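S.K.: The sequence shown: position 289 = 303 (this note's numbering), numbered continuously.
Have a look at this one before I ask anything.
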Amino acid sequence: MFGPGGLPKGPRRILTATDLPLVGIMDPEVHAERRKPWNRAFKAAALKEYEPLIATRASQLIRVLANQHGEIDIGRFFNYFTAATALSHVPYLGPYGGRIPAIAATVDRLLSYCRDFTMRRIERGSEHKDIFHYLTPFDIQQNNDDQPDKPSPPIKQLLDDGVLAIVAGSDTTSSALTSLAFCLATHPAALRRLQAEVDRFYPPGADPCDARHYRDMHYLTAVINETLRLYPPVPSGMHRRVPHSSHGVMLGPFFVPGGTSMFLHPYSMHRDARYFSPFTDGFWPERWLVAEGGLPLDDALKDAPDGTMDTASPAKVNHVTFTHNDAAFVPFSHGPGNCVGKQLAMQEMRAVVCSLLQKFDLQLREGWDVQEYDKGFKDYFVTTRPEVPVVLRARF
Ligand code: HEM
Numbered sequence: 015m016f017g018p019g020g021l022p023k024g025p026r027r028i029l030t031a032t033d034l035p036l037v038g039i040m041d042p043e044v045h046a047e048r049r050k051p052w053n054r055a056f057k058a059a060a061l062k063e064y065e066p067l068i069a070t071r072a073s074q075l076i077r078v079l080a081n082q083h084g085e086i087d088i089g090r091f092f093n094y095f096t097a098a099t100a101l102s103h104v105p106y107l108g109p110y111g112g113r114i115p116a117i118a119a120t121v122d123r124l125l126s127y128c129r130d131f132t133m134r135r136i137e138r139g140s141e142h143k144d145i146f147h148y149l150t151p152f153d154i155q156q157n158n159d160d161q162p163d164k165p166s167p168p169i170k171q172l173l174d175d176g177v178l179a180i181v182a183g184s185d186t187t188s189s190a191l192t193s194l195a196f197c198l199a200t201h202p203a204a205l206r207r208l209q210a211e212v213d214r215f216y217p218p219g220a221d222p223c224d225a226r227h228y229r230d231m232h233y234l235t236a237v238i239n240e241t242l243r244l245y246p247p248v249p250s251g252m253h254r255r256v257p258h259s260s261h262g263v264m265l266g267p268f269f270v271p272g273g274t275s276m277f278l279h280p281y282s283m284h285r286d287a288r289y290f291s292p293f294t295d296g297f298w299p300e301r302w303l304v305a306e307g308g309l310p311l312d313d314a315l316k317d318a319p320d321g322t323m324d325t326a327s328p329a330k331v332n333h334v335t336f337t338h339n340d341a342a343f344v345p346f347s348h349g350p351g352n353c354v355g356k357q358l359a360m361q362e363m364r365a366v367v368c369s370l371l372q373k374f375d376l377q378l379r380e381g382w383d384v385q386e387y388d389k390g391f392k393d394y395f396v397t398t399r400p401e402v403p404v405v406l407r408a409r410f
């Protein structure tokens, strides 16, 4: 359904009432062509160039958090961080950043403003390499880069894709960070273990935004994955449709007639015991370490989520069947139409978590009903989430 040669995107109007940004393009060939500059914008070399930008925003976040006194709603600060980071990549949208949750209501004004600003940005050329740089061959020409003969894309396309970069990149990452903070604050043992890993790679004085250690931080990756498993920021996933012109397709054992619309639903798949067990609905980052062969199951079970496992009973431990199906983990979707910004999102989350835990201890408001989070985590294509009231204490 999603892989190479899979189904085209479904008919969904996203972000603009008229033409479609990348995410809504249904024709696979047009989509593939339009995606090329996006792919360039998220290659490893490009991500390396964005490091200073992420570092600036992450250290701003830490400075602002350090000035807060008493209890804060930490999700609000992640919203600021991800919006500011996205706007740094697509600078022509700057003044509208504060309106991101209400972006649909201001689309006309947004686009007219963007048109003027984009023209000025084109005249001015590239200031530094951001996503915009890769989406605009204008910049590439001025830098004598690799595509000097490529014709300029229409302004309308730049505007549509610019709005997409903001919306796709900010609310999703903020949702993930908020859920992650909630999971850590409600699982102190996992928090301590992650903090120990952060201390090992980024002791006081080391730069937590220096990305060179991120890939060796297996527990950090496990915590991020486990958060995205339980709380995928796009819970209903994305739309695909069998073309009307088709005589139908076979998906596994199922025949699906032409014209049928489908969603692959990450939230349900991630919480299905056939794919992830034990503790399917529990926060257990250790499952990712077991799956990659880095931790024996018996050791992992010692960190079972509270109340789910009588680890004092070896007999019970022996009867646990471990199931982990990576193919069923799809927070960023899958295939040629998947989330092109996945690696940037991972880099941003790692930078924020390392910066945060290097500096602060995190404690949930005493007596706060943890059920509130699941009640308030609602699917509106992206998510709403309730406030997560925490107190941050400086560690040093
Ligand atoms: C935790 C954070 C994120 C999650 C969970 C996420 C998830 C998704 C999902 C589920 C899709 C739909 C893919 C499909 O149609 O199959 C998508 C598309 C997209 N995302 Fe993300 N995303 C995240 C962060 C980002 C970031 C930081 C950017 C950077 C700008 C970004 C840019 C995009 C773009 C441009 C698309 C459209 C891709 C296409 O249609 O080819 N995303 N994302």
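Backbone N, C-alpha and C fix where the C-beta goes; we use that ideal spot for every residue, glycine too.
Small disclaimer: the values here were computed from a predicted structure and weren't measured.
(1) With respect to the alpha helix (DSSP H) encompassing Leu372, which residues constitute its N-terminal and C-terminal limits?
(2) With H, G and I counted as helix, E and B as strand and the rest as coil, what does DSSP make of Tyr394?
(3) Assuming Val37 contacts Leu178 (C-beta within less than 8 Å), just tell me the rounded distance between them.
(4) Give the straight-line distance between the Cα atoms of Pro249 and Pro280, rounded to the nearest whole angstrom.
(5) Drop a sphere of 10 angstroms on the beta-carbon of Met231, count the other beta-carbons inside from all chains shown, and report buried for 16 or more, exposed for fewer.
(6) In the structure shown, what three-state DSSP assignment does Ala408 receive?
(7) Identify every residue that forms a DSSP beta bridge with Thr337.
(8) Which residue from Pro168, Gly219, Asn339 and Met252 puts its Cα closest to that of Phe410?
(9) Per DSSP, which one or two residues make a beta bridge with Gln377?
(10) When you compare only the Cα positions, how much space is there between Leu242 and Tyr64?
(11) Quick check: what's the CA-CA separation for Phe290 versus Pro167?
(12) The alpha helix (DSSP H) with Ile169 in it runs from where to where?
(13) Distance cutoff 8 Å, beta carbons only. Does Arg54 sit that close to anything in chain C?
(14) Since Leu67 and Phe95 are thought to touch, with beta carbons under 8 Å apart, how far apart are those beta carbons, to the nearest angstrom?
(15) Under a three-way DSSP split, which group does Phe277 fall into?
(16) What first and last residue would you give for the beta strand (DSSP E) that runs through Val263?
(17) DSSP three-state call for Ile86: helix, strand or coil?
(18) From the DSSP output, which residues share a beta bridge with His253?
(19) On a Cα-Cα basis, can you pick out the residue from Ala305, Gly307, Arg301 and Trp382 that is closest to Lys316?
(20) Could you check how far apart the C-beta atoms of Glu401 and Thr187 are, in whole angstroms? I think they sit under 8 Å.
(21) Have a look at Leu371 and Val270 and give me their C-alpha separation to the nearest angstrom.
(22) Which term fits Gly176, buried or exposed, when burial requires 16 or more other beta carbons within 10 angstroms of its beta carbon?
M.R.: Judging by the given coordinates:
(1) The residue you call residue 372 lines up with position 358 of the sequence shown. Note on residue identity: the sequence assigns Gln, not Leu, to residue 372. Here the alpha helix (DSSP H) through Gln372 covers Lys356 to Lys373.
(2) Position 380 of the sequence shown, counted from the first residue, corresponds to residue 394. In this structure, Tyr394 counts as strand in the three-state DSSP scheme.
(3) What you label residue 37 is simply residue 23 of the sequence shown in a count that begins at 1. What you label residue 178 is simply residue 164 of the sequence shown in a count that begins at 1. Correct: roughly 6 Å between the Cβ atoms.
(4) The count along the sequence shown starts at 1 and reaches residue 249 at position 235. The count along the sequence shown starts at 1 and reaches residue 280 at position 266. The alpha-carbon atoms of Pro249 and Pro280 are separated by roughly 6 Å.
(5) Working through the sequence shown from its first residue, we reach residue 231 at position 217. The residue is buried, with at least 16 neighbouring Cβ atoms inside 10 Å.
(6) Position 394 of the sequence shown, counting from 1, holds the residue named residue 408. Strand.
(7) Taking the first residue of the sequence shown as 1, we reach residue 337 at position 323. Answer is Ser291.
(8) Taking the first residue of the sequence shown as 1, we reach residue 410 at position 396. The shortest Cα separation from Phe410 among Pro168, Gly219, Asn339 and Met252 belongs to Gly219.
(9) Locating residue 377 in the sequence shown gives position 363, where the first residue counts as 1. Its beta-bridge partners are Val405.
(10) For the purposes of this step, residue 242 is taken as residue 228 along the sequence shown, with counting starting at 1. For the purposes of this step, residue 64 is taken as residue 50 along the sequence shown, with counting starting at 1. Those two C-alpha atoms are separated by around 23 Å.
(11) Start at 1 with the first residue of the sequence shown, and residue 290 comes out as number 276. Start at 1 with the first residue of the sequence shown, and residue 167 comes out as number 153. Cα-Cα distance, rounded: 44 Å.
(12) Numbered from its first residue, the sequence shown carries residue 169 at position 155. Element bounds for Ile169: Ile169 to Ala199.
(13) In the structure shown, chain C does not exist; there is a single protein chain.
(14) Against the sequence shown, residue 67 aligns to sequence position 53. Against the sequence shown, residue 95 aligns to sequence position 81. Not a contact, Cβ separation roughly 12 Å.
(15) As a position in the sequence shown, residue 277 is number 263, starting the count at 1. Note: Phe277 maps to strand in three-state DSSP.
(16) Here the question's residue 263 lines up with position 249 in the sequence shown. From DSSP, the beta strand (DSSP E) with Val263 extends over Val263 to Leu265.
(17) On the sequence shown, position 72 is the one that residue 86 refers to. Ile86: strand per DSSP, three-state reduction.
(18) The residue you call residue 253 lines up with position 239 of the sequence shown. Note: His253 sits in a beta bridge opposite Phe277.
(19) By one-based count along the sequence shown, residue 316 stands at place 302. Comparing Cα positions, the closest option is Arg301.
(20) As a position in the sequence shown, residue 401 is number 387, starting the count at 1. As a position in the sequence shown, residue 187 is number 173, starting the count at 1. With 8 Å as the limit, Glu401 and Thr187 do not qualify as a contact, their Cβ atoms being about 18 Å apart.
(21) Taking the sequence shown and counting its residues from 1, the one referred to as residue 371 is at position 357. Taking the sequence shown and counting its residues from 1, the one referred to as residue 270 is at position 256. If I take the Cα positions, the gap works out to 48 Å.
(22) Reading the sequence shown from its first residue, position 162 is the one you call residue 176. So Gly176 counts as buried.
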